[in-house]
Amino acid sequence: NSLTQVVHSAGRRFIVSPVPESRLREQ
Amino acid sequence: AEDTGVRVELAEEDDGRKSSIALRLWVEDPKKLKGKPKDNGAIEFTFDLEKETPDDVAQEMVDAGFFHENDVKIVAKSIRDRVALIQWRRERIWPMLQ
Numbered sequence: 001n002s003l004t005q006v007v008h009s010a011g012r013r014f015i016v017s018p019v020p021e022s023r024l025r026e027q
Numbered sequence: 001a002e003d004t005g006v007r008v009e010l011a012e013e014d015d016g017r018k019s020s021i022a023l024r025l026w027v028e029d030p031k032k033l034k035g036k037p038k039d040n041g042a043i044e045f046t047f048d049l050e051k052e053t054p055d056d057v058a059q060e061m062v063d064a065g066f067f068h069e070n071d072v073k074i075v076a077k078s079i080r081d082r083v084a085l086i087q088w089r090r091e092r093i094w095p096m097l098q
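Protein chains in written order, with our numbering: chain G, 1 to 27; chain W, 1 to 98.
Laid out in structure tokens, this is it:
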């Protein structure tokens with residue numbers, strides 16, 4: 001999925017994807 | 001748990017048995033952080049409840065460039081609070097369901 005990015009650090013895999021709008025607290 | 005501005009949730013159903021569990025972390029309120037987080041994406045990772053500490057993961061997130069070094073304690077606390085809740089729930093609810 002083009003919106004998902006995989007980052008590795010110290011052997012751990014982090015999967016970064018957009019936070020659903022509904023979960024972002026209104027700023 | 002104190003509102004750190006960083007949200008950590010389960011990224012999968014907890015079956016109460018596995019030591020390794022998927023968590024999802026994102027910044028809800030960037031104003032509560034000292035540094036500017038890299039972007040407001042949700043970061044999913046697995047955490048071993050038996051072998052790892054929230055501080056390890058928080059430092060790895062800083063090393064990966066997700067957060068500023070000055071926020072490592074806030075990120076670690078956010079993860080620690082969620083892990084404590086998961087372990088609390090496992091100790092109380094799962095024995096009844098066995």
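Positions of the beta carbon are idealized from the N, C-alpha and C atoms, including for glycine.
Just to confirm my understanding: we take residue i, look at its own chain, exclude 5 residues before and 5 after, and list those with CB closer than 6 Å. What are they?
| i | result |
| --- | --- |
| W:N70 | K34 and G35 |
| W:R24 | E9, A11, A42 and E44 |
Do residue i and residue j have their CB atoms nearer than 8 Å?
| i | j | result |
| --- | --- | --- |
| W:R90 | W:G41 | no |
| W:T46 | W:I21 | yes |
| W:D48 | W:S19 | yes |
| W:A58 | G:F14 | no |
| G:V19 | G:Q5 | no |
Excluding sequence positions up to five away, which residues of its chain have a Cβ less than 7 Å from the Cβ of residue i?
| i | result |
| --- | --- |
| W:F66 | P37, K38 and I43 |
| G:Q27 | Unreliable placement is indicated for G:Q27, whose pLDDT of 45 sits below 50; the coordinate value is still reported in the next sentence. Cβ within range, chain order: n/a, list empty. |
| W:V72 | A58, Q59 and V62 |
| G:L3 | S17 and P18 |
Which first and last residues belong to the alpha helix (DSSP H) in which residue i is found?
| i | result |
| --- | --- |
| W:V62 | P54 to D63 |
| W:D81 | V72 to R92 |
Leaving out the 5 sequence neighbours to the left and right, which residues in its chain are closer than 8 Å to residue i when beta-carbon positions are compared?
| i | result |
| --- | --- |
| W:G5 | V27, E28, D29, P30, K31, K32, L33 and I74 |
Taking residue i as the reference, which of the options has the closest Cα?
| i | options | result |
| --- | --- | --- |
| W:D3 | W:R80, W:L10, W:D14 and W:A64 | W:R80 |
Notebook entry, point to check: According to a CB-to-CB cut-off of less than 7 Å, which residues of the segment 37-56 of chain W neighbour chain G?
Noted result: Listed by position along the chain: N40, G41, A42, I43, E44 and F45.
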